[in-house]
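First comes the structure, then the notes that go with it.
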Amino acid sequence: MRTAAELLAGVPALAGTEPVTRVTLPARLEYSYTPGTAQSRFLTGLAEQRLLAERCPECTRVYIPPRGVCPTCGRATTDQLELPHTGTVTTFCIVNIAARGLDVEVPYCYAYVLLDGAHVGLHARIGGLPHDQVHVGQRVRAVWRDQRPDRPDPGLAAISHFAPTGDPDADPASYRRWM
Amino acid sequence: MTPQQQHPAGREIAVVAFAQSVHQRSTDQLSEVELVLPVLQDVLKQTGLTTDRIGFTCSGSSDYLAGRAFSFTMALDGVGAWPPISESHVEMDGAWALYEAWVKLRTGQADTALVYSYGKSSPGSVRDVLTRQLDPYTLAPLWPDAIALAALQAQCLIDAGLTDERALAGVAVRSRRAALDNPHAQLRGSADADTLLQRPYQVRPLRRHDCPPVSDGAAAVVLAAGDAARALHPRPAWIRGIDHRIEAHQPGSRDLTESPSTRLAAVRAGVFDAPVDTAELHAPFTAQELVLRRALDLNGSVRINPSGGALAANPVMAAGLIRVGEAAARIHRGESRRALAHATSGPCLQQNLVAVLEGER
Amino acid sequence: MPEVLSAPLIVEFPFTRSTGPVIGAFLTGLRERVVLGTRGSDGRVHCPPAEYDPVTAAELDELVQLPDTGVVTAWAWNPEPRPQQPLTTPFAWVLVRLDGADTALLHVLDAPGPGSGDPGEVRTGLRVRIRWAEQRSGAITDIACFVPADGRTGR
Numbered sequence: 002m003r004t005a006a007e008l009l010a011g012v013p014a015l016a017g018t019e020p021v022t023r024v025t026l027p028a029r030l031e032y033s034y035t036p037g038t039a040q041s042r043f044l045t046g047l048a049e050q051r052l053l054a055e056r057c058p059e060c061t062r063v064y065i066p067p068r069g070v071c072p073t074c075g076r077a078t079t080d081q082l083e084l085p086h087t088g089t090v091t092t093f094c095i096v097n098i099a100a101r102g103l104d105v106e107v108p109y110c111y112a113y114v115l116l117d118g119a120h121v122g123l124h125a126r127i128g129g130l131p132h133d134q135v136h137v138g139q140r141v142r143a144v145w146r147d148q149r150p151d152r153p154d155p156g157l158a159a160i161s162h163f164a165p166t167g168d169p170d171a172d173p174a175s176y177r178r179w180m
Numbered sequence: 313m314t315p316q317q318q319h320p321a322g323r324e325i326a327v328v329a330f331a332q333s334v335h336q337r338s339t340d341q342l343s344e345v346e347l348v349l350p351v352l353q354d355v356l357k358q359t360g361l362t363t364d365r366i367g368f369t370c371s372g373s374s375d376y377l378a379g380r381a382f383s384f385t386m387a388l389d390g391v392g393a394w395p396p397i398s399e400s401h402v403e404m405d406g407a408w409a410l411y412e413a414w415v416k417l418r419t420g421q422a423d424t425a426l427v428y429s430y431g432k433s434s435p436g437s438v439r440d441v442l443t444r445q446l447d448p449y450t451l452a453p454l455w456p457d458a459i460a461l462a463a464l465q466a467q468c469l470i471d472a473g474l475t476d477e478r479a480l481a482g483v484a485v486r487s488r489r490a491a492l493d494n495p496h497a498q499l500r501g502s503a504d505a506d507t508l509l510q511r512p513y514q515v516r517p518l519r520r521h522d523c524p525p526v527s528d529g530a531a532a533v534v535l536a537a538g539d540a541a542r543a544l545h546p547r548p549a550w551i552r553g554i555d556h557r558i559e560a561h562q563p564g565s566r567d568l569t570e571s572p573s574t575r576l577a578a579v580r581a582g583v584f585d586a587p588v589d590t591a592e593l594h595a596p597f598t599a600q601e602l603v604l605r606r607a608l609d610l611n612g613s614v615r616i617n618p619s620g621g622a623l624a625a626n627p628v629m630a631a632g633l634i635r636v637g638e639a640a641a642r643i644h645r646g647e648s649r650r651a652l653a654h655a656t657s658g659p660c661l662q663q664n665l666v667a668v669l670e671g672e673r
Numbered sequence: 005m006p007e008v009l010s011a012p013l014i015v016e017f018p019f020t021r022s023t024g025p026v027i028g029a030f031l032t033g034l035r036e037r038v039v040l041g042t043r044g045s046d047g048r049v050h051c052p053p054a055e056y057d058p059v060t061a062a063e064l065d066e067l068v069q070l071p072d073t074g075v076v077t078a079w080a081w082n083p084e085p086r087p088q089q090p091l092t093t094p095f096a097w098v099l100v101r102l103d104g105a106d107t108a109l110l111h112v113l114d115a116p117g118p119g120s121g122d123p124g125e126v127r128t129g130l131r132v133r134i135r136w137a138e139q140r141s142g143a144i145t146d147i148a149c150f151v152p153a154d155g156r157t158g159r
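Given below as structure tokens:
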């Protein structure tokens with residue numbers, strides 16, 4: 002295959018011009034995102050400092066964040082429940098690079114917290130202790146961000162982080178299956 | 313070519329179930345999976361199948377409608393994909409997901425398939441979102457929206473003396489009045505042509521009535537092979553032929569008054585081997601119905617879009633699958649003996665799929 | 005029933021694309037106010053250029069310089085331009101077959117009549133001419149739009 006320059010050599014008006022080899026064409030699309038019924042309920046609950054989950058009537062698994070459907074059974078997760086604010090760290094990592102647009106101080110610790118009663122981990126930041134003390138099996142509790150009472154924000158940002166409760170580590174049998 | 317030459321003796325595949333949502337302008341209270349779940353449960357209930365007994369699952373959707381990459385993976389929750397299932401996805405109208413499932417069944421690798429598709433057009437501006445499918449160097453930077461491109465095609469037909477604005481209005485009136493019998497359609501009923509022609513142009517020569525509604529909706533179909541199909545429905549809608557063809561992308565290199573890809577797909581699908589009594593055509597714009605009718609040689613004896621077609625409900629990415637489903641449903645009900653279903657993709661009918669469905673002979 | 009939540013979601017694609025030899029040459033031409041097409045295996049000239057022959061699939065690399073005039077082969081009057089479209093005032097989408105080409109290029113025609121709903125003199129067969137953008141970088145938007153050429157109609 003010949004190059005643009007070679008092709009242009011045959012056009013007298015353009016012979017010797019610097020050929021275009023790339024083009025930047027920015028595009029922008031605006032959407033209005035609606036999370037739907039189950040997730041709206043969850044997000045609104047966060048503004049009230051509540052952790053709302055759903056349970057599948059068939060397999061009884063409990064999902065948080067809830068999505069209205071059980072991915073195992075393909076059934077509507079009609080059972081609504083509220084979970085305590087405590088849970089167990091099932092995995093974690095230390096992040097050294099802040100993603101663009103993310104307002105966070107690095108390094109920070111990111112983890113899956115299996116809330117008591119849930120069968121999937123909730124992703125969350127772990128804080129309130131040196132990172133080298135975070136470990137799988139650690140018991141933690143949600144620490145909520147201060148919110149304006151008249152205008153609480155429905156979003157995961159309502160949770161500032163999870164911090165150790167100081168309790169002994171959870172029995173691996175209680176979380177190993179859900180890691 | 314005889315049907316036997318087009319489709320060598322092999323497994324017969326039929327549509328044994330079809331379901332769709334009630335299509336609406338907006339479903340803000342529903343996420344994509346919440347929109348799809350009832351439709352999936354409907355077809356599974358119709359057949360008595362559960363997902364662990366389905367051999368293959370294939371879906372069609374476009375993440376651009378949601379503005380979120382990989383959003384389609386979350387709709388899969390509605391299928392209950394555990395234990396792991398054999399599954400595929402096309403970033404296209406569900407009619408092409410149906411084609412892939414048909415191929416899968418023809419190979420004998422599965423006996424049943426679940427095909428679903430959905431589109432929530434409401435989050436964004438769908439007519440602008442669709443510009444992202446255009447050539448990135450010469451077309452997309454100009455942002456020619458879907459109505460603009462359809463309008464260029466309509467003007468070509470008018471220039472060629474093949475139609476006029478009144479005839480186009482007639483297509484809109486007929487389609488939306490037919491939709492009065494379709495409880496799933498969004499636009500049901502229509503003012504008369506004189507009234508419609510008083511209204512302003514969107515992009516000339518197209519007025520609002522010449523354009524599809526913006527719809528949120530979902531649809532699903534179950535396919536089955538041979539005796540599996542006969543066990544699942546007393547009158548399966550057999551897919552006697554199915555084919556799809558694509559033309560060049562640049563509108564300026566095509567004759568927009570014709571659809572050679574539709575014609576070729578129809579020949580290969582066996583459309584012309586015997587008369588059809590019903591045709592469900594995926595024509596989101598009135599002028600496109602005319603192009604398709606010419607390509608398919610459809611005369612006055614064929615009932616065109618008894619469902620109302622895409623002018624009555626246009627859940628983008630599902631509207632083509634719905635044409636197949638509507639044709640199949642008429643065969644199931646004994647209202648049609650041999651039907652044609654068509655689906656389209658790309659600007660100005662660039663790519664077209666044609667299927668022929670028949671009841672038991 | 006929870007309140008229906010919604011939030012704005014903005015998606016931006018800042019992509020830079022490589023152009024290859026044919027599109028690169030075409031865009032180079034536009035930057036220099038020269039329109040190029042490619043000649044196909046059957047002698048037909050494609051503009052916008054085709055990189056591969058639509059019939060034989062052969063790689064096409066014979067560039068043909070075309071004038072900046074042509075004829076409208078299809079049009080659609082747009083009374084309400086949408087964001088990011090080439091003009092902010094009402095215009096016609098057009099397919100223009102440049103003189104010497106056998107295919108048509110899609111762009112816009114700036115030819116308003118007295119009111120925004122009035123397409124003025126736009127019609128199939130109108131002869132038109134490129135209005136070049138003042139700042140050009142090697143993109144299809146180096147053609148700012150088309151404008152009516154002299155009064156003669158095309159074939």
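Protein chains in written order, with my numbering: chain A, 2 to 180; chain B, 313 to 673; chain C, 5 to 159.
Glycine is no exception: its CB is placed at the ideal position from the N, C-alpha and C atoms.
query, result
"Could you spell out where the alpha helix (DSSP H) holding residue 644 of chain B opens and where it closes?", "631 to 644"
"Quick check on the burial criterion: 16 or more other C-beta atoms within 10 angstroms. Buried or exposed for residue 101 of chain C?", "buried"
"Just by C-beta distance, which residues in the region 121 to 153 of chain A are closer than 9 Å to chain B?", "none"
"Between residue 21 of chain A and chain C, is the shortest Cβ-Cβ distance under 8 Å, so that the two count as touching?", "yes"
"Please report how far the alpha carbon of residue 406 of chain B lies from the alpha carbon of residue 138 of chain A, in whole angstroms.", "45 Å"
"Relative to the C-alpha of residue 431 of chain B, which candidate in B:666, B:631, B:638 and B:663 has its C-alpha closest?", "B:631"
"Confirm, please, whether the CB-CB distance from residue 33 of chain A to residue 525 of chain B is below 8 Å.", "no"
"Strictly below 9 Å CB to CB, what residues from chain A border residue 363 of chain B?", "74 and 75"
"Write down every uninterrupted run of the beta strand (DSSP E) in the region 367 to 411 of chain B whose length is 3 residues or greater and which is fully enclosed by it, in chain order.", "368 to 372 and 399 to 402"
"Out of curiosity, what's the CA-to-CA distance linking residue 54 of chain A and residue 365 of chain B?", "30 Å"
"Which one of B:652, B:596, B:551 and B:529 has the shortest CA to CA distance from residue 374 of chain B?", "B:529"
"Measuring only the C-alpha atoms, how far is residue 46 of chain A from residue 342 of chain B?", "17 Å"
"How would you label residue 130 of chain A, buried or exposed, when you count the other beta carbons within 10 angstroms and need 16 or more for buried?", "exposed"
"How about residue 448 of chain B: is its C-beta nearer than 8 Å to some C-beta of chain C?", "yes"
"Tell me, please, which residues DSSP counts as bridged to residue 95 of chain A.", "A:110"
"So who's on the other strand from residue 29 of chain A, going by DSSP bridges?", "C:16"
"For residue 45 of chain C, go through chain A and note every residue whose CB falls closer than 7 Å to its CB, in chain order.", "Result: empty, since nearest Cβ-Cβ is about 17 Å, beyond 7 Å."
"Is it the case that the CB of residue 625 of chain B approaches a heavy atom of the ligand FMN more closely than 7 Å?", "In terms of ligand content, the structure shown is empty, and the ligand FMN therefore cannot be addressed."
"Taking a Cβ distance cut-off of 7 Å, strictly less, list which residues of the region 339 to 350 of chain B are near chain A, in chain order.", "340, 341, 342, 343, 345, 346 and 349"
"Residues in the region 9 to 38 of chain A with C-beta within 9 Å of chain B's C-beta atoms, listed in sequence order?", "24, 26, 28, 30, 31, 32, 33, 34, 35, 36, 37 and 38"
"Put residue 140 of chain C into one of helix, strand or coil per three-state DSSP.", "coil"
"Mind pulling the chain B residues with CB within less than 7 Å of residue 8 of chain C?", "340 and 341"
"For residue 87 of chain C, does the count of other Cβ atoms within 10 angstroms reach 16, so buried, or fall short, so exposed?", "exposed"
"Would you list, in chain order, the members of the region 83 to 104 of chain C that have their beta-carbon closer than 9 Å to a beta-carbon of chain B?", "83, 84, 86, 87, 88, 89, 90, 96, 97, 98, 99, 100 and 101"
"I'd like to know whether the C-beta of residue 61 of chain C is nearer than 8 Å to at least one C-beta of chain B.", "no"
"Can you tell me the Cα-Cα spacing of residue 23 of chain A and residue 169 of chain A, whole angstroms?", "59 Å"
"Short of 8 Å Cβ to Cβ, which residues in the region 43 to 77 of chain A face chain B?", "68, 69, 70, 71, 72, 73, 74, 75, 76 and 77"
"Report the residue from B:390, B:415, B:655 and B:383 whose alpha carbon sits nearest the alpha carbon of residue 571 of chain B.", "B:655"
"Note down, in chain order, each residue of its chain lying with its Cβ closer than 8 Å to the Cβ of residue 159 of chain A, except the 5 sequence neighbours on either side.", "47, 48, 50, 145, 146, 148 and 153"
"So, are the CB atoms of residue 18 of chain A and residue 9 of chain A less than 8 Å apart?", "yes"
"Check each candidate in A:178, A:86 and A:35 and name the one with the smallest Cα separation from residue 120 of chain A.", "A:178"
"Could you tell me which chain B residues have their CB closer than 7 Å to the CB of residue 81 of chain A, listed as they occur along the chain?", "The contacting residues do not exist; residue 81 of chain A stays about 15 Å from chain B at best."
"Would residue 110 of chain C count as contacting chain B if we go by Cβ distances under 8 Å?", "yes"
"Return the chain-ordered list of same chain residues with a C-beta closer than 6 Å to the C-beta of residue 354 of chain B, the five sequence neighbours on each side being excluded.", "331"
"What separation, rounded to the nearest whole angstrom, lies between the Cα atoms of residue 662 of chain B and residue 409 of chain B?", "18 Å"
"Pull out every residue of the region 427 to 461 of chain B whose Cβ sits closer than 9 Å to any Cβ of chain A, in chain order.", "432, 434, 435, 436, 437, 440, 441, 443, 444, 448, 449, 452, 453 and 455"
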